[in-house]
Structure formats: C-alpha cells, structure tokens
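Written out below as structure tokens is the structure these notes cover.
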Amino acid sequence: MAEHGSDSQSAGGAHAGETRRDFIHIAAVTVAGGGAAALAWPFLQQLGPAADTRALSSTEVDVSKVPLGGEIRILIGGMPFFVRHRTDAEIQDARNVDVSTLRDPQTDDDRLQPKADGTRNPAILVTSGSCTHLGCVPVGPAQGTLGDFGGWYCPCHGSHYDTSGRIRKGPAPLNLPVPKYEYTSDSIIKISL
Amino acid sequence: MSGPSTYEPKSGFTRWLDARLPIARLAYDSFVDFPTPKNLNYWWTFGGILAICLVTQILTGVVLAMHYVASTDQAFASVERIMRDVDYGWLIRFIHANGASMFFLAVYIHMFRGLYYGSYKAPREVLWILGCVIYLLMVATAFMGYVLPWGQMSFHGSAVITNLLGAIPLVGETIKTYLMGGPAIGDPTLNRFFSLHYLLPFVIAGVVVLHVWALHVAGNGNPTGVSVKEVKKDTVPFHPYYTVKDGFAILLFLMLFAAFVFYFPNILGHADNSIEANPLQTPAHIVPEWYLLPFYAILRAITFDVGPIPAKLLGVLAMFGAILILFVLPWLDTSKVRSMRYRPIAQQMFVLFVLSAVGLGFCGANNPDDLIFKFREDKLSVSYSDTNGVAQARLFDDFGEAKAFQSSLPPTAAASIEVSASGFKWLWLSQGLSAYYFLYFLVVLPLLGIVEKPKPRPASIADSVHRRTKSEAGAVPQAAE
Ligand code: HEM
Ligand code: FES
Chain A
1 MAEHGSDSQS
11 AGGAHAGETR
21 RDFIHIAAVT
31 VAGGGAAALA
41 WPFLQQLGPA
51 ADTRALSSTE
61 VDVSKVPLGG
71 EIRILIGGMP
81 FFVRHRTDAE
91 IQDARNVDVS
101 TLRDPQTDDD
111 RLQPKADGTR
121 NPAILVTSGS
131 CTHLGCVPVG
141 PAQGTLGDFG
151 GWYCPCHGSH
161 YDTSGRIRKG
171 PAPLNLPVPK
181 YEYTSDSIIK
191 ISL
Chain B
194 MSGPSTYEPK
204 SGFTRWLDAR
214 LPIARLAYDS
224 FVDFPTPKNL
234 NYWWTFGGIL
244 AICLVTQILT
254 GVVLAMHYVA
264 STDQAFASVE
274 RIMRDVDYGW
284 LIRFIHANGA
294 SMFFLAVYIH
304 MFRGLYYGSY
314 KAPREVLWIL
324 GCVIYLLMVA
334 TAFMGYVLPW
344 GQMSFHGSAV
354 ITNLLGAIPL
364 VGETIKTYLM
374 GGPAIGDPTL
384 NRFFSLHYLL
394 PFVIAGVVVL
404 HVWALHVAGN
414 GNPTGVSVKE
424 VKKDTVPFHP
434 YYTVKDGFAI
444 LLFLMLFAAF
454 VFYFPNILGH
464 ADNSIEANPL
474 QTPAHIVPEW
484 YLLPFYAILR
494 AITFDVGPIP
504 AKLLGVLAMF
514 GAILILFVLP
524 WLDTSKVRSM
534 RYRPIAQQMF
544 VLFVLSAVGL
554 GFCGANNPDD
564 LIFKFREDKL
574 SVSYSDTNGV
584 AQARLFDDFG
594 EAKAFQSSLP
604 PTAAASIEVS
614 ASGFKWLWLS
624 QGLSAYYFLY
634 FLVVLPLLGI
644 VEKPKPRPAS
654 IADSVHRRTK
664 SEAGAVPQAA
674 E
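In order, the protein sequences belong to chains A and B.
Counted from 1, the first sequence has number 1 at position 1 by our numbering; the numbering is strictly sequential.
Counted from 1, the second sequence has number 264 at position 71 by our numbering; the numbering is strictly sequential.
Here is the structure:
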C-alpha cells in the first residue's frame, strides 16, 4: 500500500501505512461482505418450511369414528400420528405399570390431554406415529401386531411400545411423543404440530 | 511432469487458434504427449473408466429429467411411464440406475488402488483430497437420486438418514428442517433433491478438472512407487500407449455394465422400491443401496453410549468419520515408502482392510440382531414373573414340557413361550470390523511407518520393467524418442 500512500507517507510516524485507500478498501470489503451476508439470508431461509407448508400444520379428527380396539393413522404435514380407541383392558394395562421401572417415566394420565371440562378421556390415546429410534412407523392393531406390551411394535429395529405408547423394550430411547391436541367438542380433537 | 509443450500446430487454422485460445495445445499436452510411467498396470485404468461413468450418468440423467416429474403425486407414476411408455425409456433408466452402481464399483477400486500404492503421499496429497471431495459429492448425489423415483425405500431410507442428522446436538433439528423444507419428507424435499441431483454431477465434473490438473502437476504414480527419474527411460507418451490400454479396459468394463443393464437390471435394486412411497407404512427392512452399506453398518454398530455421547450421535459421527478420515490419510501414514509391494506387513493389513470393508457391506445388508451362526440348537424359553414380580426364564427342549411348566404357573406369572436362539450376531461382526476400519487408519498406518522394515525397491521404473522382462527378448516397450 505504501507506494500509494503519498500524504501519510510523507507525514511519517503515527499515520504510516494508513491511507485513504486502506480506508476505502476496508469499507468496500465490509459493504461487500455485508451485502453477501444479506443476500445469503434469503437463500438460506427459502430452504425452510414455506407459509403454505406451515399452514397445513393442524387437523381435526372425529374420534367417535375410531373403532373400539382399533386406531386411525393420519398425516399432518407429512408426519404420521396415531389415534387409538383403547379397550378397557388396554387402559388397565397402561395404568397398572410401575412408572419408576420405565425408561421414559410417564403416567398414562400424563399422556392424555384433558377436555374443556378438565376431565380426561382415557379411551382415546393420541401419539406421534414416528418411532423415537430412527423414525420408522411402528405397526399396530391394523397390521395385527401389537408387540410384547400390547401397544405398537416397530419392525425396523424391534422397539416395543405399550398401550400408552411408552417405550418398553428395544433401542428407542423415548415414548412415542404426544402431540399438541385439544378437544374442540366431545368427539372432535384438533391436533397441531 | 508436464515439461515444455511439444505441440506443433499443423494447419493455418490451428496456428491461428493456438495464438488465441491454446485449447488444442492443452489437450495435446495433457492427453497425447503426456509422459506416463511405462509400468502402469490395469488398476490404473479406473480413472478413465470413472470419466466414462460420469459422462454416462450426465447424458442419461438429462434425458430422464425430460420425462421425470418431481412431485410426490406424480414422481412414481412418471418413472413408471418412463419404463413403459417412453420409447427406450426403460433402457435409459436402467443405464442410469445401474450406472450409479458401476460408478461406485469403479470408484471403490480406484480408491483401494490409491490406498495400496500409496497414491495419497507427497506430492499427491491435494490430488487425493480432491478425489475424496468427488467421492463425497457422489454419495450426496446418489443419495438424492435414490429418493427421486419415490418408492418405499426412497422415502423411508431418506427418512432414516435425515432423522440421523437430527441427532446432532444444537444444530441437528435446524439442519433437518432446512434439508426437508417442512416437518417431514415431502414435496419440498423431493423438489430440492431433484434440483441438487441435477446440479451436483456438474460440480463433480468441475472438481474432476481440478483432480486431473493436480494429477498433471505431480504426474502419475506407478506400482513401484518410485518417482520418474529420467523421462526418456521411465515414461511413454499417453497416446497411443495408455489411450489403447484404457480403451481396452473401458470396453471390458462396458461389457460388465451391459450385462447388468440387459440381463440383471434389477438385481442391485430393492424390490420395495417398486412400491410407491407410503409415509404410513415402513418397509420391514430398510437398507440403502449396496454401495452405502458399509457406512450403514458402521452407523448401526454403535449401540452403546460413550460417556455423555449417546449411541445415536456416536453412530452418526462414526459414519461420517469413516469418510472424513480419508481426507487426513496423507498425514496418518508415516511410511516414506509409497507402494505396499515393498511393505510386507502393511500389505497384509491392507488385505484385512479390504476384507473388513467388504464384510461391513454384508453386515449393513443384514439385520444386526440376526445370527450368522448358532452356538446351539434353538430351545424354548418360558418367561414369567415369580412371586416377587421378578422376571424369570427357563429353557426347554421339548414343547410338551414347556407347555406343562407354563400351565403349572399361576395366571399372575403371565408366562409366555418363545423360541430362544443363541448365536453370533451380525452386530458383533460389524462392531469388530468397524473397529478394524478405524484402527487401520489411526493405529496401523501411523505405527507401521515407524516399526516396519521395507523391502529393497528398484532403482528406477525402467529398472523394474527391464528386470521383469529381461528373459522375453524384444518385449521391452520402447520409450518414444
Ligand atoms: C454423479 C452422477 C449421478 C449419479 C451417481 C446418479 C444416481 C442416481 C440414482 C441412484 C438414481 C435412482 C435410480 C433408480 O433407482 O431409479 C437416480 C435417478 C435419477 N437421476 Fe441421477 N445420478 C447422477 C447424475 C444425474 C444427472 C446429471 C441428472 C440430470 C441431469 C440425473 C437425473 C436423474 C433423474 C431424473 C432420476 C429419476 C428417475 C429414475 O429414478 O430413474 N442424474 N440417479
Ligand atoms: S426406528 Fe423403530 S426401532 Fe429403529
């Protein structure tokens, strides 16, 4: 830079090497860098979920249509969910478990959202349909395989879930998560991502 | 290596062009008069084979893209239409699908060649690293390509891999969402994968240019690992010596390729991918394409936590680490001797390495909990809880006895009978082989360079060739004068 720095060069001492040209270089690079970063942001952000994708993030389900002992499977934004109508025996099984022995301790009530009046409907269990191990969709009543604990069985690597969707055996670390859902009436639930 | 250019334009036009864009000169110096060691064997033909593979994938891919529809509703049907309705669509698709396999077959041979002959050592480190970049890009391209036909394996295979990225602490979930463009694999994912699947092969082509450039700075290695000393004695011009040798190898390779395309077009694929993707039903057994199986096996071999690192994250790290470790290999191998021909112990360790890499492929194809062989005949196990509620099990040879024991227990014992097998699990094999994979790079190669005593090497390339062919009079290839 020195050969361009006529003024400060001759002044010598404190300002040696610092020139208007250096300032312009730094300013230009800063502006270009800032511009590149500002441009990168929309290019990065467009990769995220678009507004219409985000808008499709909840669904209403009429739980009275789910047959006793059976389940329905729904996709919300491509994510699978199970809505299961449990029999009394299945509810009892879920309640009789000693919670402290579980890998991911949760009581059955922890896994049910209350209705508007504060009571819970233990017959209807809503869970994610994505195995907490590597995301396979476990098989259940419709496929005729319930696993060793009467709930779901993940055929990918052998995870067994109980009638409350809690992990009991196999490699999965956590219970099938319960999504956000609310009773909008006695028989309609609204599930959101 | 390149030396002064020997290109002499012959016609008026080529002289005119040479003064303006010396492209013919570049091609001549790179692929005609390029001095090439005279002792290259057939393992050195895979570079040319790989170039053919890339061109094949790009040509067939561009044609497929003319008929393919990247939408979750139509992708599967559009591929079926290519197979049934588009004239010769079946041929082009089979070339593309099997071409990916042939590409990986060739690249693995090419890489093993480099590992054996020490092609990654000075002065070829950058050449080697560029090769690793190409390989990484190939893996990404093939992974995204496999999602496009939107079959069951496309969908659930990619779901498994994107879920893995979610295991990375802090940033994992964000990466995953930004990769998928939504909460799950769907239309946004398919479209961006198609876009990138189209783009990346051209990025590969660009890196190949750098790779060949770096090659032409250092020059080819050779099976002795001894550097070229005298260009006249040690080398022959690339054309016609190696254009012919490479050409012959390419023909043999294309015959194998054609055998797959015409006689076994689906043998390397998975039947589940002929079923349209159904997000609500996972196939019983998810496997990637064969060329990624060893890494899948390493991923699944880690079933234990190490300190605060959970098994799932560790598996992901090991899987990526298995590829990334190749990048630093030039600095892990401490031996000054390039070729393992002269390294008796390293040679054996290398053979074990190839066997473990292939073995890992088999591990990846099999369910980790299945048994390779049994320790004993299967028995029947009655499991029940005793009066204190503790789980117990008893083994029986005979069903009658097991049944009698089960009925002798009170109902509160909740006794059940199941088959009990005991044997050697695929999981254990994959753990052993994964351990060796990493030990080879992290322990064997660093140590051997220090403790191993190499065999004497020939004084020069010319020397090694003449010694071998002395008896066959006149069989010595003549260097161009
Ligand atoms: C590095 C080079 C490439 C590799 C390794 C590769 C690999 C693959 C693979 C494994 C598939 C799935 C095949 C199947 O099972 O059906 C595929 C599909 C596809 N590829 Fe490529 N590809 C490459 C280059 C390209 C290029 C350059 C294009 C476009 C310009 C392209 C366009 C397509 C299309 C449209 C499909 C979907 C149709 C189908 O599944 O057959 N590919 N690719
Ligand atoms: S994904 Fe369910 S057990 Fe692995």
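Heads up, the beta-carbon is just placed ideally off N, CA and C, and yes, glycines get one too.
- Message: Are there any heavy atoms of the ligand FES lying less than 8 Å away from the beta-carbon of S574/B, as far as the coordinates show?
- Response: To locate residue 574/B, count along the second sequence from 1; it is residue 381. Result no, Cβ not under 8 Å from the ligand FES.
- Bridge partners of A584/B, per DSSP? For the purposes of this step, residue 584/B is identified with residue 391 of the second sequence, where counting begins at 1. Answer is S578/B.
- Message: Quick test of your reading: P155/A and V139/A, contact by CB under 8 Å. State the CB separation rounded to the nearest angstrom.
- Response: Position 155 of the first sequence, counted from the start, is the residue given in the question as residue 155/A. Position 139 of the first sequence, counted from the start, is the residue given in the question as residue 139/A. Contact between P155/A and V139/A is confirmed by a C-beta separation of about 6 Å, below the 8 Å threshold.
- Item | Whether R317/B touches G240/B by CB criterion (9 Å) | As a working mapping, residue 317/B is identified with position 124 in the second sequence. As a working mapping, residue 240/B is identified with position 47 in the second sequence. Going by C-beta atoms, R317/B is not nearer than 9 Å to G240/B.
- Query: Would W237/B be called buried (16 or more neighbouring beta carbons within 10 Å of its own) or exposed?
  - Reply: Position 44 of the second sequence, counted from the start, is the residue given in the question as residue 237/B. Here W237/B is buried: its Cβ has 16 or more other Cβ atoms, across all protein chains shown, within 10 Å.
- Within the present structure, is the beta-carbon of Y328/B separated from the nearest heavy atom of the ligand HEM by less than 8 Å? Working through the second sequence from its first residue, we reach residue 328/B at position 135. Every heavy atom of the ligand HEM is 8 Å or more from the Cβ of Y328/B, so no.
- Item | Residue range of the unbroken beta strand (DSSP E) whose run includes H85/A | For this step, residue 85/A is matched to residue 85 along the first sequence. Unbroken beta strand (DSSP E) run through H85/A: M79 to H85.
- Query: the ligand HEM heavy atoms versus the CB of L341/B: any closer than 8 Å?
  - Reply: As a first step, residue 341/B must be located in the second sequence, where it is residue number 148. Within the cutoff, so yes.
- For F82/A, does the count of other Cβ atoms within 10 angstroms reach 16, so buried, or fall short, so exposed? For the purposes of this step, residue 82/A is taken as residue 82 along the first sequence, with counting starting at 1. With 16 or more other Cβ atoms within 10 Å, it is buried.
- Task: Under 6 Å Cβ to Cβ from F269/B, same chain only, skipping five residues before and after it: list those, please.
- Result: Working through the second sequence from its first residue, we reach residue 269/B at position 76. Within its own chain, the residues whose Cβ lies closer than 6 Å to the Cβ of F269/B, once the five positions on either side in sequence are excluded, are W343 and E469, listed in chain order.
- Item | Ordered list of beta strand (DSSP E) runs contained in the segment 370-436 of chain B, each at least 3 residues | Look at the segment 370-436 of chain B and you find these whole runs of beta strand (DSSP E), each 3 residues long or longer: 428-430.
- Item | Contiguous alpha helix (DSSP H) assignments of at least 4 residues, all confined to the segment 254-313 of chain B | As far as the segment 254-313 of chain B is concerned, its whole alpha helix (DSSP H) runs of at least 4 residues are 268-277 and 282-310.
- Residues that V97/A contacts on chain B, provided the C-beta gap is smaller than 9 Å: Reading the first sequence from its first residue, position 97 is the one you call residue 97/A. Residues of chain B passing the Cβ test: none, with the nearest at roughly 12 Å.
- For C325/B, name the three-state secondary structure that DSSP assigns. Residue 325/B sits at position 132 when you count from the first residue of the second sequence. C325/B falls in the helix class under three-state DSSP.
- Item | S351/B: CB within 8 Å of a non-hydrogen atom of the ligand FES | By 1-based counting over the second sequence, the position of residue 351/B is 158. Result no, Cβ not under 8 Å from the ligand FES.
- Item | Between the CA atoms of Q540/B and L638/B - distance to the nearest angstrom | For this step, residue 638/B is matched to residue 445 along the second sequence. For this step, residue 540/B is matched to residue 347 along the second sequence. Taking the straight line from one Cα to the other gives about 11 Å.
- Message: Does the CB of S164/A have a neighbour CB from chain B at under 9 Å?
- Response: Here residue 164/A refers to the residue found at position 164 when the first sequence is read from its first residue. Under the Cβ criterion of 9 Å, S164/A is not counted among the residues facing chain B.
- Going by the beta-carbon positions, is the gap between R86/A and P80/A smaller than 9 Å? Locating residue 86/A in the first sequence gives position 86, where the first residue counts as 1. Locating residue 80/A in the first sequence gives position 80, where the first residue counts as 1. For R86/A and P80/A, no; Cβs fall outside 9 Å.
- Please say whether N234/B and P394/B have beta carbons closer to each other than 9 Å? To locate residue 394/B, count along the second sequence from 1; it is residue 201. To locate residue 234/B, count along the second sequence from 1; it is residue 41. Pairing P394/B with N234/B gives a Cβ-Cβ distance that is not under 9 Å.
- Item | N- and C-terminal bounds of the beta strand (DSSP E) containing L75/A | Within the first sequence, the letter at position 75 stands for residue 75/A. Where L75/A is concerned, the enclosing beta strand (DSSP E) stretches over E71 to I76.
- Message: 9 Å is my cut-off, CB to CB: does D562/B come that close to chain A?
- Response: Mapped onto the second sequence, residue 562/B falls at position 369. Yes - at least one Cβ of chain A is within 9 Å of the one on D562/B.
- Task: Return yes when the Cβ of A377/B is within less than 9 Å of the Cβ of G77/A, no when it is not.
- Result: Counted from its first residue, the first sequence places residue 77/A at position 77. Counted from its first residue, the second sequence places residue 377/B at position 184. At the C-beta level, G77/A and A377/B come within 9 Å of one another.
- Task: Could you name the residues that DSSP lists as bridge partners for P228/B?
- Result: On the second sequence, residue 228/B is found 35 positions in, with the first residue counted as 1. Answer by DSSP bridge pairing, in chain order: P430/B.
- Residues passing the C-beta test against the ligand FES heavy atoms, cut-off 7 Å: A residue is listed when its beta-carbon falls short of 7 Å from at least one non-hydrogen atom of the ligand FES; in chain order these are C131/A, H133/A, L134/A, G135/A, C136/A, P138/A, C154/A, C156/A, H157/A, G158/A, S159/A, G170/A, P171/A and A172/A.
- Message: In whole angstroms, give me the CA-to-CA distance for R103/A and V401/B.
- Response: In the first sequence, residue 103/A corresponds to position 103, counting from 1. In the second sequence, residue 401/B corresponds to position 208, counting from 1. Cα to Cα, R103/A sits roughly 50 Å from V401/B.
- Straight-line CA distance for R208/B to P651/B? Taking the second sequence and counting its residues from 1, the one referred to as residue 208/B is at position 15. Taking the second sequence and counting its residues from 1, the one referred to as residue 651/B is at position 458. For R208/B and P651/B, the distance between alpha carbons rounds to 43 Å.
- Query: Between A614/B, L486/B, T605/B and F631/B, which lies nearest to V521/B when the distance is taken from Cα to Cα?
  - Reply: Taking the second sequence and counting its residues from 1, one reaches residue 521/B at position 328. Of the listed residues, the one whose Cα sits closest to V521/B is F631/B.
- Message: Going by C-alpha to C-alpha distance, which of S185/A, G144/A and V66/A sits closest to V126/A?
- Response: Within the first sequence, numbered from 1, the residue matching residue 126/A stands at position 126. V126/A has its Cα closest to that of V66/A, out of S185/A, G144/A and V66/A.
- Message: Tell me which residues share the same chain as S578/B and place their Cβ nearer than 8 Å to its Cβ, disregarding the 5 neighbours each side in the sequence.
- Response: The residue labelled residue 578/B in the question sits at position 385 within the second sequence. Here the set comprises A584, Q585, T605, A606 and A607.
- What are the boundary residues of the alpha helix (DSSP H) that G33/A is part of? To locate residue 33/A, count along the first sequence from 1; it is residue 33. Start and end: R20 to Q45.
- Name, please, each residue of chain A whose Cβ falls closer than 9 Å to the Cβ of L341/B. Taking the second sequence and counting its residues from 1, the one referred to as residue 341/B is at position 148. Correct list: empty, because the minimum Cβ distance to chain A is about 17 Å.
- In angstroms with no decimal places, state the Cα-to-Cα distance between S388/B and V256/B. The count along the second sequence starts at 1 and reaches residue 388/B at position 195. The count along the second sequence starts at 1 and reaches residue 256/B at position 63. Computed Cα separation, rounded: 15 Å.
- Is the segment 549-561 of chain B touching the segment 484-492 of chain B, taking contact as three or more C-beta pairs under 8 Å? Yes, the segment 549-561 of chain B touches the segment 484-492 of chain B.
- Residues of its chain near A263/B, where Cβ-Cβ distance is below 6 Å and the 5 sequence neighbours each way are ignored: In the second sequence, the residue the question calls residue 263/B occupies position 70. Leaving aside the five residues that flank A263/B on each side, the residues in its chain whose CB is nearer than 6 Å to its CB run, in chain order, L383, N384 and F387.
- Message: For the beta strand (DSSP E) containing H160/A, name the first residue and the last one.
- Response: On the first sequence, residue 160/A is found 160 positions in, with the first residue counted as 1. First-last of the beta strand (DSSP E) with H160/A: S159 to D162.
- Ignore the nearest five residues each way along the sequence and tell me which others in I251/B's own chain have a CB closer than 7 Å to its CB. Against the second sequence, residue 251/B aligns to sequence position 58. Once the five neighbours on either side are set aside, the close Cβ partners of I251/B are P394.
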